[in-house]
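Residue numbers (the working numbering), protein chains in the order written: chain S, 701 to 1105; chain Y, 51 to 119. Built from N, CA and C at the ideal position, the CB exists for glycine as well. Computed from a predicted model, the values in this text were never measured in an experiment. Down below is the structure, laid out as structure tokens.
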Amino acid sequence: MAKNPVPDHVPPEMVRDFSLFTSPGMSPTPNGDPHAAVACVHAGPPIFYSPLNTRDGRGTWVITRASDQRRVLQDTETFSSHRNIFASALGESWPMIPLELDPPSHGAFRSLLNPLLSPKRVSVLEPAVRERAIRLIDGIAASGTSCDVMKDFAFPFTVHIFLHLLGLPDDRIDTFVGWARDLLHGDDTKRPPAARTIVSFIDELAAARREDLVDDFMTFIVQAQVEGRRLTKQEVRGVGVLVFVAGLDTVAAAIGFDLAYLARNLKDQELLRSEPNRIVLAAEELLRAYPTVQLIRVATKDIDFEGAPIRKGDYVSCATMIANRDPTEFECPNTVDLAREDNRHATFGYGPHRCLGSHLARREIVIGLEEWLSRIPAFRIKNGTAPITSGGHVFGIENLILDWS
Amino acid sequence: MRIIVQNAKCQGHARCAAHAPHIFKLDDAGYILPGNIQVVEGEELTASRGVRSCPERALEIDGEPSSTG
């Protein structure tokens, strides 16, 4: 990863050696705890400059307080979400929609998509989600007393639901997960071809649906209207790519971190198993403790922010994992307290770009935990194995082998 | 007890409605309906849980100092 120099306007004393990509515990680590590793920033200043805090080697300002992250993410005039993060990997320039559009143009697309993933709509999807969880877990329980929970449950569960939503056949799960892995966790040689593959796939899918209308997401998008007109091909691509990328591995990772926590904390596991009505509240605490994404904004003008000279064009990082461990926001933030009530976590972001899929994500996590705990007896990390955690743009966990023999 | 609703701040997290759908009513897109909310007697605890769950600080109990940030 090429390192860019610290810009001249950044005072040297505001620079900290910190990165979600390169700091200790961020590269793949056996039995790692990347969320705890980044929480160390709270011993320092509320804002600092990190020279190497994006995948392309650019630096960012890092906002450590939850209240300041709210200020940044709610103020879309000063802090733009228009980064072309995906297209720039291809040397192109087009926004993922609606994430990389700012108000007011953001609003029309957001209004178009909100009903597809609203709380009401998600409650309609719930029986299919639960049925999928039960089928997978029953299969695992019938075949032995241990499993690789990411491969055998978390990915097939969440990716299937997402494919179902898009109207895609689920016999390509492994292919899609592979693309997402190369894109989100791969190196500079893997990312551009993965991005290219995903763009071609979305473009072809949109073209097919224009030819032949069926009852699925992409058909809805190619037929939809914003501001009294059809979406352009590039807009269709922008929506399709975002939904594809956002839905592929974030929820699976969340379920993985949650089950890893429960595997190591048998009392909490038993509490939720014997009193399943606690799972909804507990899931919020697990969402707080183990969020998966860093949100980045671009300053649209010069602004002095809590003593930091942010200049137009600077990247500003609002890492959800940092906000969620802010001691001025949460009592004992590094303790997982499944009965925690005051829990206004930042996991789905703040402001107009609040995660569009958050309602579905929540239900998948709650249903996944409910069905797992009711069908699998007391489970631990299998002796002699170690889950591998990683930081980066999306935090992840792999090789999570659970054992209930 | 009365809850002040700042619609401009609501971003559709719907965590208030998860605590008490009968108190915090949402539109079809999942955002809170306009208008302050008068809470009936006996519902204060559930209502205050809903208020305290809003990540955007869009809800406020009338008479309480507004949360900063």
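For Phe1048(S), a Cβ of chain Y is located within less than 8 angstroms of the residue's own Cβ.
In the three-state DSSP reduction, Gly940(S) falls in the helix class (H, G or I).
Proximity of the region 69–85 of chain Y to the region 727–745 of chain S falls short of the contact definition, fewer than three beta-carbon pairs being nearer than 8 angstroms. If you check the CB distance, Thr722(S) and Ala999(S) do not come in under 8 angstroms.
Within the same chain, Cβ atoms closer than 8 angstroms to the Cβ of Arg896(S) are found at Leu790, the five residues on either side in sequence being excluded. Leu76, Asp77, Asp78, Ala79, Gly80, Tyr81: these are the residues of the region 75–94 of chain Y whose beta carbon lies less than 9 angstroms from some beta carbon of chain S, given in chain order. In this structure, Pro1052(S) lies away from Asn731(S), with their beta-carbon atoms at least 8 angstroms apart. Taking a Cβ-Cβ threshold of 8 angstroms, none of the residues of chain S is close to Glu110(Y); the smallest such distance is about 13 angstroms. With contacts defined by Cβ atoms closer than 8 angstroms, Asp958(S) and Leu1038(S) do not form a contacting pair. One thing to note: Ser1017(S) has its Cβ within 8 angstroms of the Cβ of Val762(S). Contact of Glu1041(S) with chain Y by beta-carbon distance below 9 angstroms involves Arg99, Arg102, Ser103. Between the alpha carbons of Ile73(Y) and Ile1067(S) lies a distance of about 25 angstroms. A Cβ of chain Y is located within less than 8 angstroms of the beta carbon of Ser1058(S). Assignment of Ala1019(S) by DSSP, reduced to helix, strand and coil, places it in the strand class. The C-beta of Ala64(Y) comes closer than 8 angstroms to at least one C-beta of chain S.
Annotation: Pro734(S) is outside any beta strand (DSSP E); the continuous alpha helix (DSSP H) that includes it extends over 734–738.
The three-state secondary structure of Tyr990(S), taken from DSSP, is coil. Selection Ile747(S), Thr919(S), Pro798(S) evaluated against Asn784(S) yields Pro798(S) as nearest (Cα-Cα). Under the three-state reduction of DSSP, Gly1096(S) is assigned to strand.
Not flagged as an interface residue toward chain Y: Gly947(S), since no C-beta distance is shorter than 8 angstroms.
Listed along chain Y, the residues sitting closer than 8 angstroms to His1045(S) by beta-carbon distance are Pro105. Listed along chain Y, no residue sits closer than 8 angstroms to Asn1099(S) by beta-carbon distance, the nearest being about 33 angstroms off. Residues of chain S whose Cβ lies closer than 8 angstroms to the Cβ of Ala70(Y) do not exist, since the nearest Cβ in that chain is about 13 angstroms away. DSSP places Tyr1050(S) in the coil class of the three-state scheme, outside both helix and strand.
Using a Cβ-Cβ distance cut-off of 8 angstroms, the region 1096–1103 of chain S and the region 65–72 of chain Y are not in contact, since fewer than three pairs of beta carbons, one from each stretch, lie closer than that value. For the pair Asn753(S) and Leu801(S), the CB atoms are not nearer than the 8 angstroms cut-off. Of the candidates Phe853(S), Ile996(S), Leu865(S), Met850(S), Ile996(S) places its Cα closest to the Cα of His782(S). With respect to Ala963(S), Leu1073(S) sits apart: the two C-beta atoms are not nearer than 8 angstroms.
One alpha carbon belongs to Pro892(S), the other to Ala946(S), and they sit about 17 angstroms apart. Between the region 814–821 of chain S and the region 848–862 of chain S, the count of Cβ pairs shorter than 8 angstroms is below three; the stretches do not touch.
In this structure, the CA atom of Asn1083(S) is about 11 angstroms from the CA atom of Ser1105(S). Within the model, the alpha-carbon separation for Arg835(S) versus Lys933(S) is close to 38 angstroms. Neighbourhood of Gln56(Y) in chain S, by CB distance below 8 angstroms: empty, with the nearest CB roughly 12 angstroms away.
At least 8 angstroms separates the beta-carbon of Ile1065(S) from that of Val943(S). Under the three-state reduction of DSSP output, Val998(S) falls in the strand class. Of all alpha-carbon atoms in Glu970(S), Thr729(S), Asp882(S), the one lying nearest the alpha-carbon of Ser1090(S) is that of Thr729(S).
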